Amino acid sequence: VLLISLRKFFSSESRAIARHILRKCKPEFLGAGSLKESAMVDVWVDVDAHQLEPVLKPIVFNCIINPFVGRDVDQGLVDESVEKLKKLLEVYEARLSSNKYLAGDFVSFADLTHFSFMRYFMATEHAVVLDAYPHVKAWWEALLARPSVKKVIAGMPPDFGFGSGNIP
1 VLLISLRKFF
11 SSESRAIARH
21 ILRKCKPEFL
31 GAGSLKESAM
41 VDVWVDVDAH
51 QLEPVLKPIV
61 FNCIINPFVG
71 RDVDQGLVDE
81 SVEKLKKLLE
91 VYEARLSSNK
101 YLAGDFVSFA
111 DLTHFSFMRY
121 FMATEHAVVL
131 DAYPHVKAWW
141 EALLARPSVK
151 KVIAGMPPDF
161 GFGSGNIP
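Here the working numbering is used: position 145 in the sequence shown is 145, and no number is missing along the way.
This is the structure:
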């Protein structure tokens, strides 16, 4: 469990830790330039945490992790999650049809929080779902093109390291 302790402040929630660090070091990633941008960052961070991640988790776990640890794949749960994802991607498509990134026309913490589970989802056979959402796909490809994201990807094997035996 990741834990940050700064004087009397403790947190083990990764988004809270990241927000704290960004407020100190890179406030522009939180939309610090305007209240509207800041609110949009918060909205999309919450959408990731409470809507997207819970839909992606069953897909990622069943398609990548379960086969490597000898657990059965719950195909019904995967199919149900893919259908929920399609509905959610319609919301993303609408947002990204008028904005390059989730909080506006700037890369923000909101975009970056989406990266971890999306990266692993994109390593599954269900990644083709994005083909039906051209603005979502363009957003994803724009994130992947960033040099900092390329560095992060290098440390994130698409199979969580299970295939190589190097489990992170």
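Think of the CB as a built atom: it goes at the ideal place given N, C-alpha and C, for glycine as much as any other residue.
These figures come from a predicted structure and were not determined experimentally.
With fewer than 16 neighbouring CB atoms inside 10 Å of its own CB, H50 falls in the exposed class. R95 and L102 do touch by the CB rule: their CB atoms are close to 6 Å apart, below 8 Å. When Cβ pairs closer than 8 Å are counted between the two stretches, the stretch 114-134 is seen not to touch the stretch 69-77, the count staying below three.
Going by DSSP, H135 is part of the alpha helix (DSSP H) stretching over P134 to L144. Counting along the chain, D79 sits inside the alpha helix (DSSP H) bounded by residues Q75 to L96. The continuous alpha helix (DSSP H) containing V152 extends over residues P147 to A154. Taking the Cα positions, N99 is about 24 Å away from P54. Rounded to the nearest whole angstrom, the C-alpha separation of V43 and S116 is 18 Å. Close CB contacts of T113 within its chain, under the 6 Å cut and outside five residues either way in sequence, are with V45 and D48 (chain order). Sequence-distant partners of P58 (beyond 5 residues in either direction) whose C-beta falls short of 6 Å from its own C-beta, in its chain, are L77 and S81.
The straight-line gap separating the alpha-carbon atoms of G31 and L52 is approximately 21 Å.
Under a 10 Å Cβ-count criterion, S108 is classified as buried, with 16 or more other Cβ atoms of the shown protein chains found around its own Cβ. In this structure, L143 sits near D111, with a CB-CB distance shorter than 8 Å.
Taken atom to atom, the span from the alpha-carbon of S34 to that of K24 is near 17 Å. Closest option to M122, judged by alpha-carbon separation, among M40, S38, E28 and I64: I64. A distance of 8 Å or more separates the beta carbons of P147 and Y120.
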